[in-house]
Structure formats: structure tokens, C-alpha cells
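Residue numbers (UniProt numbering), protein chains in the order written: chain W, 1 to 289; chain B, 1 to 266.
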Amino acid sequence: MDIQITGLRRTFGKVTALDGLDLAVPGGMYGLLGTNGAGKTTLMRVLAGVLPPTAGTVRVGGHDLTTRTGRLAVQRRLGYLPQDLGLYPDLSAQEFLDYVGLLKGLDDTAARRRQIGELLDMVGLTDAVGRKLRGFSGGMRRRVGIAQALLGDPALVVVDEPTAGLDPEERIRFRTLLASIAAGRTVLLSTHIVEDVAQTCRDTAVMARGRVVFNGPVADIVQRAEGITWELVGQGPPPAGGVVVSAVSRSDGTHYRLVSPTRPDPRAVPVQPSLEEGYVALMHAGTSA
Amino acid sequence: MTTARQTWAVTRYEFRMQIRKRSLWITTAVLAVVLTLTQGDRGPRHLPLGTPPREVMAGWALLMSILLPIGFGMVLADRLTRDRRLGLASLLESLPTGRGALVAGKYLGGLASTAVPAALVLLTAAAAETAHRHDPALFAWAVVAFALITLPGLAFVTAFALVCPLLTTAPLFRVLFVGYWFWGNMLNPDLFPSLTGTLLTPLGDYPATWLMGERALYAGADGWLEFLRPQPGGTTTVLAIALLLLLSLPPLALAPPLLRRRNLSA
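Below, the structure written as C-alpha cells:
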């Protein structure tokens, strides 16, 4: 299910969250990176039919999201995991999924229950199926969230910051799960965690200030930092004149890695950049970095 | 057809979630016990043996209507607003379910979940009275009294308790609701201009007066808005019930756009 967005604007009073955004997502697993406040969540909400655009066109699978019929057609084939999804604390996981399934229009009781069982098995919650959701950990809640998104076998899955706040093991488990569901459908993964995109997506868009500032293969982001990524071992405070990406304290001093268009210190040596450094270079292009 | 199924789904789950709330049962039990113990000499418990079962159960239904709807209004006040508080509003908006179906289901489920404990209270009263008066017809009249006195008031209260917090907040609504309840249902209209004793009283004053054959509380008593105070009887009972049900519709019709406005502002 492809996504075509042209000149998308969304404002909230005087605040412009999306500012003439253009984006084409062909299918498969696609990343959407950006800092907090870049407009990712607003874009996700527009794509889920939750927010109408202020201006511009959004077509998903050929359906125009700005019309009621188009929005309903998309929502019937959509799985959406919002940022900070809450759950009804008095329902069990099975009941919650049954409720969402009914609201998605899955009227065949036997088929719905079979699918719920399969999804709970897939997300590793079979043992907790009858427990009330109030007792679920953050990771378990996120897994219930992805299970509800996959109900009805949607052609488009939109997931907004799904790994924020999870411990490393749960995060790896969750992104592996996301990658495994991408076959045969479009999965749009919005996150500010660069590594999640690096590990799961071939292509990504990067957003800043309501616009797309990069759209292409993840590997191309690294190129943005080539020749401007430095390592420096020092004893004092971090050097000025660049963006410090990491600082590791060792016996010989603190090893700084930083992105800077000019050599920040005579002792600094150029190094091969990582994706995170490419991302930093991209976000700071045209500024001091 | 799909909308009807989705409405039914919301009704079922809303009922299930609400009926499991401990606060609903505690509120019902506490208020029912307080009302039973504090009823005056004119209360149904003190009616002489031989009083028609119709009057006895109408008396019980009216007695319970004095305070139980306040408790139910409190409990129901967050049912539409809590989806946003719990972080579920975005998900619900992304589903191909209309807001109308969502509101209708929440209303029907909320109404059913308060009707069940209210009906159980009346049936318990009928059981106690049957043990005392040895008249099984009390159960049949409990059902009639519930349908005519209790249920229309609950339908009215449920609609406003669901929708008004979309305009204010649930805590503020609760305060205003208690004030309205005493002003519009209990305050003697002779002493202060109020809705007490009018056709718009969700207390069930008109149906109770008709079933009991004498003025139950203030139905038809002289006071403010005289045209809303006809003499109680069969016709005015039907009119009172119809008005309560009709008055429940405007807030429910307003709820979908209010809900949309609230969710879009998120």
C-alpha cells in the first residue's frame, strides 16, 4: 500500500506542525526519523485518519485521505499503534483485542478469536491471555498494542515511537517483531531512536521542523557525515565547535566523537562515521555543525 | 448493519467494564442502605399490611430514586472523557467506527450497567417485602415500578453524565450535578423557584404519584413554570416519561462533534 503525500500542511492555531511536507513511501518497512517536535506524530495521526490535513493531498493505496470515503477505505486496511497507547485496565488482553477487532468490523466470531489467539502467540502473550491489563508491564502493553494493530491483517501498519521507554532487551525483541511483520505490507515506523531504523529499515525519511529533509536509503545518511566526523582524546571539558555524539571515559582520558565541518582541535583525527553521526550531520546541516 | 454491530460491540464492552467497577456496587449498596434506614414514617417500609403491592413498590422505587441517580451520575461522568485520559482516543479515532456508534454504545452500555444494580436493589426490596407481606405480586410491581419510575430517570441522567463532562470536566460536572439534583428534584417549589414537581423531574415523581394514587412528593404542586405542572395521572405520566427520554437525545446528538473537537485539540 503506497503512500503519496504532497504539500501537506497541518497547523494547530498559530503552530505549524507540518509545513508543506512531500513524501512518497513505496511499501515494505519504512523509517521516519526526527527529533522530538519534528512533526512525526502529527504525520502519523494524519495518515491514520485521526487528524485532517489543513492543506495538501494525502493518498494511501490510491485513496484520498481528505475525503470521508477515502478515509474509511484506508482505516479498514490500517493498523495503528499510537504513541503512548493506553489500554482499558479492567479488560484482559483477549477482551481488549476482541473489542478492537469488533470495532474494526471483524464480525466473524470464530475467525476473530482464532486471529486473536495467533497474534497473542506471535507477541508472546499466550500465558497472560486472561490477566487484566492493569498488571501488564510497559513491554507487554506495547506488545498488546502491536497485536491490536495487526488485527484484520492490515495492508498498512503505522507505528509511532513503539520502542520509547523500553529496556534494551525488550526494544530489540520489539523491533525484530516489527521487521517480521513487514513482509507483504507497508510498515511505517516513526521513531527518534536511530538504531531502531538502522536495524529494521532499508529506506527512511528524516523530518525536521515539519518537513522532510532526507528521503532515501538508510546507508546514504552515513555519507552525510563522511569527512566531518572526528575523534579526540582529551582530559578537560568537551571541545567547542562541533556536536559531541559520544564521550567515553578511558584510562588515557575521555574519547570524544564529534561532528564538525572543520577540525575542532589540532589533536582531532577523522574517523569513519556511524549512522547516528550521519543523522546528527543531517540535522545540523546549515548550522554550526 | 456494520454500524449496528459496532454499536452493539461498544455497548457490550462498555457494560462489561462498567459493571466490574467496584465503585458502582459500593455506591449502590451504601446509598440503598442509607435510604432504607433513614426513610421516614411515610416510607414504604412503614406502609401497613394490606397496602396494595403497587403502592409499596412504587414507594420503594421513588425512595431509591432520591439518591441512587446521584451516585450513578458520578460513576458515569468519566465514561466518554476517559478514553482520552487513558490514551485510547487516537486509536478509537483511527478505527472505521463512527463516533455516533461509539457514543450510542457508551450510552446504552452505561445505562444498562446502572440499570442492573438499580433493578437488583428493587428486587431485593421486593423480596424483603414479600417475606413480610406474603404477596408474590410485589415482584411484578417491582418490575413495573422500575420501568416507569427508575429507568426513564436513569436514561436522562446517563445522557447528561456522559456528555456534560465533554464541556467541562468530570469533577466539575459532579459538583454541578449534585447541585442540580437537589435544586431540580428535592427543593420545595413553594419555597424557591425550582424544577421540583414538574414533568421534567427525573426522580419519577409523576409515575410514582400515578401508581400510588396520591401525591408521592411534589408532582403537580404549585410553583415556578406552572405549565410544566399538570395534575398527575396516566396521561401526564406518559408525557413525563416521554419528555425525559426526548431530553436525553440533544446531549447525545451533540456528543459526536464535541468528542471530535476534543480529540482534534489533542
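Every residue, glycine too, gets a C-beta built ideally from N, C-alpha and C.
Legend entry - Beta carbon of residue 153/B nearer than 8 Å to that of residue 69/B: In contact: residue 153/B and residue 69/B (Cβ atoms closer than 8 Å).
Legend entry - One or two residues paired with residue 199/W in a DSSP bridge: In the DSSP assignment, no residue is bridged to residue 199/W.
Inset, instruction - Would you list the residues sitting across from residue 53/W in a DSSP beta bridge? - result: Answer by DSSP bridge pairing: none, since residue 53/W is not bridged.
Inset, instruction - Have a look at 4/W, 17/W, 27/W and 15/W and flag the residue whose alpha-carbon is nearest the alpha-carbon of residue 189/W. - result: Checked all of 4/W, 17/W, 27/W and 15/W; the closest Cα to residue 189/W is 27/W.
Legend entry - When 140/B, 230/B and 186/B are compared against residue 210/B, the one with the closest alpha-carbon: Closest by alpha carbon: 230/B.
Inset, instruction - Report yes if the CB atom of residue 60/B is closer than 8 Å to the CB atom of residue 122/B, and no otherwise. - result: A contact, by the Cβ cut-off of 8 Å.
Inset, instruction - Just grab the DSSP bridge partners of residue 224/B for me. - result: Bridge pairing for residue 224/B: absent [DSSP].
Inset, instruction - Using a Cβ-Cβ cut-off of 8 Å, state whether residue 99/B counts as contacting chain W. - result: No, because no Cβ of chain W sits closer than 8 Å to the Cβ of residue 99/B.
Inset, instruction - Would you decide whether residue 83/B is buried or exposed? Buried here means 16 or more other CB atoms lie within 10 Å of its CB. - result: Flag for residue 83/B reads buried.
Inset, instruction - For the segment 81-96 of chain B, enumerate the residues whose C-beta is nearer than 7 Å to any C-beta of chain W, in chain order. - result: Within the segment 81-96 of chain B, the qualifying residues are 86, 87, 88, 90, 91, 93, 94, 95 and 96.
Inset, instruction - Could you name the residues of the same chain whose beta carbon sits closer than 8 Å to that of residue 46/W, not counting the 5 residues immediately before and after it, in chain order? - result: Excluding residues within five positions, the ones whose Cβ falls inside 8 Å are 8, 10, 18, 52, 53, 58 and 65.
Inset, instruction - List the residues of chain B that residue 107/W touches, going by C-beta distances under 7 Å, in chain order. - result: Per Cβ cutoff of 7 Å: 5.
Inset, instruction - Below 6 Å CB to CB, which residues in the same chain sit around residue 24/W once its five sequence neighbours on both sides are set aside? - result: The answer, listed in chain order, is 4.
Inset, instruction - Quick one: using the 10 Å Cβ neighbour count with 16 as the cut-off for buried, is residue 212/W buried or exposed? - result: Under the 10 Å beta carbon count, residue 212/W is surrounded by 16 or more other beta carbons and is classified as buried.
Legend entry - residue 214/W versus residue 80/B - alpha carbon distance: Going from the Cα of residue 214/W to the Cα of residue 80/B covers about 41 Å.
Inset, instruction - May I ask you to list, following chain order, the residues of the segment 27-60 of chain W that have a beta carbon less than 7 Å from some beta carbon of chain B? - result: Against chain B - using a Cβ distance shorter than 7 Å - the residues of the segment 27-60 of chain W are 45, 48, 49, 50 and 51.
Legend entry - Interface partners of residue 123/B on chain W, CB under 7 Å: None at all; the shortest Cβ gap to chain W is about 25 Å.
Inset, instruction - Give me the Cβ distance between residue 31/W and residue 204/W, rounded to the nearest whole Å; I'm assuming they're in contact under 8 Å. - result: Confirmed, Cβ separation roughly 3 Å.
Legend entry - Top-ranked residue by Cα proximity to residue 69/W, from 97/B, 186/B and 264/B: Distance from the Cα of residue 69/W is smallest, within the candidate group 97/B, 186/B and 264/B, for 97/B.
Legend entry - Inter-residue Cα distance where the pair is residue 220/B and residue 159/W: For residue 220/B and residue 159/W, the distance between alpha carbons rounds to 60 Å.
Legend entry - Closer than 9 Å at the beta carbon, the chain B residues around residue 253/W: Within 9 Å Cβ-Cβ: nothing; residue 253/W doesn't reach chain B, min ~46 Å.
Inset, instruction - State the start and end residues of the unbroken beta strand (DSSP E) segment that holds residue 4/W. - result: Per DSSP, residue 4/W belongs to the beta strand (DSSP E) from 3-12.
Legend entry - Outcome for residue 109/B when other beta-carbon atoms lying within 10 angstroms are tallied against a minimum of 16: Buried is the call here.
Legend entry - Contacting residues, own chain, Cβ-Cβ under 7 Å from residue 166/W (five flanking each side not counted): 138, 139, 142 and 174.
Inset, instruction - Spell out whether any CB of chain W is found under 8 Å from the CB atom of residue 17/B. - result: Residue 17/B has a beta carbon lying within less than 8 Å of a beta carbon in chain W.
Inset, instruction - Mind reading off the beta-carbon distance from residue 71/W to residue 154/W? Whole number of angstroms is fine, and I expect it under 8 Å. - result: Not really, about 15 Å apart at Cβ, beyond 8 Å.
Inset, instruction - Label residue 205/B either buried or exposed according to how many other C-beta atoms from any shown protein chain fall within 10 Å of its C-beta, with 16 as the threshold for buried. - result: With 16 or more Cβ atoms within 10 Å of its Cβ, residue 205/B is classed as buried.
Legend entry - Exposure label - residue 67/W; buried when at least 16 CB within 10 Å: When all chains shown are included, residue 67/W counts as exposed.
Inset, instruction - Assign residue 223/W to one of two classes, buried (16 or more other C-beta atoms within 10 Å of its C-beta) or exposed (fewer than that). - result: Exposed.
Inset, instruction - Could you tell me whether the segment 48-56 of chain B touches the segment 131-148 of chain B, using the rule of 3 or more Cβ pairs below 8 Å? - result: Contact between the segment 48-56 of chain B and the segment 131-148 of chain B is present: three or more C-beta pairs spanning the two stretches fall below 8 Å.
Inset, instruction - Could you list which residues in chain W have their beta carbon closer than 7 Å to that of residue 13/B, in chain order? - result: Simply 99.
Legend entry - Spatial distance of residue 3/B from residue 101/B (CA atoms): Going by the C-alpha atoms only, they are around 6 Å apart.
Inset, instruction - Could you please give the first and the last residue of the uninterrupted alpha helix (DSSP H) stretch that includes residue 210/B? - result: 205-212 is the span of the alpha helix (DSSP H), which, as asked, contains residue 210/B.
Legend entry - Cβ of residue 76/W within 8 Å of any chain B Cβ: Cβ-Cβ to chain B under 8 Å: yes for residue 76/W.
Inset, instruction - Give the range of the alpha helix (DSSP H) segment to which residue 60/B is assigned. - result: From DSSP, the alpha helix (DSSP H) with residue 60/B extends over 53-76.
Inset, instruction - Could I get the ranges of all uninterrupted alpha helix (DSSP H) runs contained in the segment 147-201 of chain B, with 4 residues as the minimum, in chain order? - result: Within the segment 147-201 of chain B, the complete alpha helix (DSSP H) runs of at least 4 residues are 151-167 and 170-181.
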